[in-house]
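Reading through the structure tokens given below for one structure.
2 protein chains.
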Amino acid sequence: MIQPRPRTIPEATVARLAVYLRVLTSLADGGRTTVSSGELASAAGVNPAGLRKDLSHLGSCGVRGVGYDVRALRERIARVLGAERSRACVLVGIGNLGAALADYAGFGSRGFHFVGLFDASPARVGQSIGGLTVQSMAELEATVTATDASIGVIATPADVAQQVCDRLTGAGVRSILNFAPVTLVAPAGVDVRPVDLSVELQVLAFLGQQRAVPAEEVTA
Amino acid sequence: MIQPRPRTIPEATVARLAVYLRVLTSLADGGRTTVSSGELASAAGVNPAGLRKDLSHLGSCGVRGVGYDVRALRERIARVLGAERSRACVLVGIGNLGAALADYAGFGSRGFHFVGLFDASPARVGQSIGGLTVQSMAELEATVTATDASIGVIATPADVAQQVCDRLTGAGVRSILNFAPVTLVAPAGVDVRPVDLSVELQVLAFLGQQRAVPAEEVTA
DNA sequence: AACTGTGAACTTCTTCACAGCC
DNA sequence: GGCTGTGAAGAAGTTCACAGTT
């Protein structure tokens, strides 16, 4: 049992590894067997040197003068990211966004599957989405326990997100992806990752206006 | 016309300013008139010193010993982010995710409004979502031109995202938010911001497993 | 000849510590 | 006393350049 690498991969690298995994899967499906860092970087939208540095964190398996074996590299990244075994997730809040997430094929192919969908509205409960039936909120804890789900996705309105977070963590969920536009507090040992679609749009718009008006006055 | 500040705000700061804006609006709605950096930072999930540094980029308007005026600070951030005037966006791909985005109230309250929804499926065209009627793809360029939309949101399947991107940029769109799991290439002067929901989940899951198994072997 | 792997320089971001002001 | 604004220190991430390998 040797320790092959100092087991710390920078978070920025992890995010890009997920992108490389997607690109490599696409390349493999297209029949490609080898790929160079330049091609892969271009397809992933990153710098080639940065890509090689990213891969070096997992004790890289490229061949100098040739490139990377597509399938071997994909397997290696999938193993590091833990995308080999599919992980159980529960989703709370089956509004428009929640329904979209429940039905999103991308999760299934990337190592995640939903084992429970929950909504507070009686009108939603009983509906079938993506092969699952929406359950009432009363069943949340029991389902989390029974399925041993470790990941929770919150797509509820902002005003109930914190109490949903409390119930999820209370039931044993250790990681939460939060789409509600509110900052959640969770016990130590629980990761909360916020995804705010409005923030993405605002950053995009700001960069655009900064480019368009490089030296404009802001004082009224 | 003096130049009050070197007009370069770090991108990381811009993203947080959008969060502060959200929190300040919530505070103002709750009747709060002043707030300290500590409180605001806690509500936004960031470090207080970092928040003050962020605000210093816009020639801060806090009062030492007291804090920040909630309404004044909100106005100031909104002006810098350009969130005062509402910007026209078009949305292409009205599947589950697209429909969710079209109906998402969060955009309207943050300085964005959709002026066009487009889908390739005849079954979708003519449907009404969030006050707009879904148009056919043939009408894309004409609508972008007529409305002078500068922001495009792509929520199509991956295999058509690039050609949608080409058409949007060809019609004059300068900023693109891309939800399709594919890397887009766009002409110089056009910003593309990818949002990959699977990547977010994968990063979250990795951090969780890294915490759970700090020194596990990866070699098979 | 081609391409990987990586130390080193560089840039960006974060955190600290404290002076300055109310 | 309490809180802001900011220079300085530190950490993290990115890019470069080139040695090393096939």
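The listed protein sequences derive, respectively, from chains F and L. If you're matching positions, the first sequence starts at 1 in the working numbering and goes up one per residue. If you're matching positions, the second sequence starts at 1001 in the working numbering and goes up one per residue. Backbone N, C-alpha and C define an ideal beta-carbon position, used for all residues, glycine too. Computed from a prediction, not measured in an experiment: that's the story for all the values here.
Residue burial is scored here from C-beta neighbours: Val-1063(L) has fewer than 16 other C-beta atoms within 10 angstroms and is therefore classed as exposed. Under DSSP, Cys-89(F) forms a beta bridge with Phe-114(F), Ile-151(F). Along the region 1075 to 1094 of chain L, the positions whose C-beta sits under 8 Å from a C-beta of chain F are Arg-1079, Val-1080, Leu-1081, Gly-1082, Ala-1083, Arg-1087, Cys-1089, read in chain order. Ranked by how close their Cα comes to the Cα of Val-153(F), the residues Gly-126(F), Leu-184(F), Ala-188(F) have Leu-184(F) in first place. The beta carbon of Arg-87(F) lies closer than 7 Å to those of Gly-111, Phe-112, Ser-150, Ile-151 in the same chain, with the five residues before and after it left out. For the pair Arg-32(F) and Ala-78(F), the Cα-to-Cα distance works out to about 18 Å.
With at least 16 other beta carbons inside 10 angstroms of its own, Cys-89(F) counts as buried. Here the C-alpha atom of Phe-107(F) lies approximately 8 Å from the C-alpha atom of Leu-1197(L).
Taken in chain order, the complete beta strand (DSSP E) segments of 3 or more residues contained in the region 162 to 212 of chain F are 175 to 178, 191 to 194.
Assignment of Tyr-68(F) by DSSP, reduced to helix, strand and coil, places it in the strand class. A distance below 8 Å separates the beta carbons of Ala-180(F) and Pro-157(F). By the Cβ neighbour-count rule, Val-14(F) is buried, with 16 or more other Cβ atoms within 10 Å of its own. The beta-carbon of Ser-37(F) is placed no less than 8 Å from the nearest beta-carbon of chain L. Leu-1051(L) and Asn-1178(L) have their C-alpha atoms some 29 Å from each other.
In this structure Val-1173(L) touches Val-1144(L) by the C-beta definition: roughly 6 Å separates them, less than 8 Å. Interface with chain L (8 Å Cβ-Cβ cutoff): Leu-117(F) is excluded.
The C-alpha of Leu-1101(L) is placed about 14 Å away from the C-alpha of Asp-1119(L). The Cβ atoms of Asn-1096(L) and Asp-191(F) do not sit closer than 8 Å to each other. Neighbours of Gln-202(F) across chain L, judged by C-beta separation under 9 Å: Val-1014, Ala-1015, Leu-1017, Ala-1018, Leu-1021, Leu-1081, Gly-1082, Ala-1083, Arg-1110, Gly-1111, Phe-1112. In summary, Arg-76(F) is buried, with 16 or more beta-carbon neighbours lying within 10 Å of its beta-carbon over all protein chains present. Gly-1065(L) sits exposed, since fewer than 16 C-beta atoms from the chains shown fall within 10 Å of its C-beta.
Rounded to the nearest whole angstrom, the CA to CA distance from Val-70(F) to Leu-24(F) is 6 Å. Around the beta carbon of Cys-1061(L), fewer than 16 other beta carbons lie within 10 angstroms, which makes this residue exposed. For Val-46(F), there is no enclosing beta strand (DSSP E), as DSSP gives it neither H nor E.
Pairing Leu-1021(L) with Arg-1074(L), the inter-Cα distance amounts to about 6 Å.
Residues of the region 153 to 187 of chain F with a Cβ closer than 7 Å to any Cβ of chain L, in chain order: Arg-174, Ser-175, Leu-177, Pro-181, Thr-183. Against chain F, the CB of Asp-1191(L) has a partner CB under 8 Å away; the residue lies at that interface. Around the Cβ of Gln-1163(L), a 10 Å sphere holds fewer than 16 other Cβ atoms; the residue is exposed.
Among the bridge pairs identified by DSSP, Asp-1119(L) is matched with Ser-1136(L). Counting the other CB atoms within 10 Å of its CB gives Gly-1059(L) a total below 16, which places it among the exposed residues. Residue pairing by DSSP places Thr-1034(L) opposite Asp-1069(L) in a beta bridge.
With respect to the 8 Å criterion, Leu-1017(L) and Leu-1117(L) are not classified as neighbours on the basis of their beta carbons. Put simply, the CB of Ser-128(F) is far from chain L, with every gap to its CB atoms at 8 Å or more. Sorting Ser-1136(L), Tyr-1068(L), Ala-1161(L) by C-alpha distance to the C-alpha of Ala-1041(L) places Tyr-1068(L) at the top. In the three-state scheme derived from DSSP, where H, G and I count as helix and E and B as strand, Ser-1109(L) is classed as coil. Taking all protein chains in view, the Cβ of Ser-121(F) is surrounded by fewer than 16 other Cβ atoms within 10 Å, so the residue is classified as exposed.
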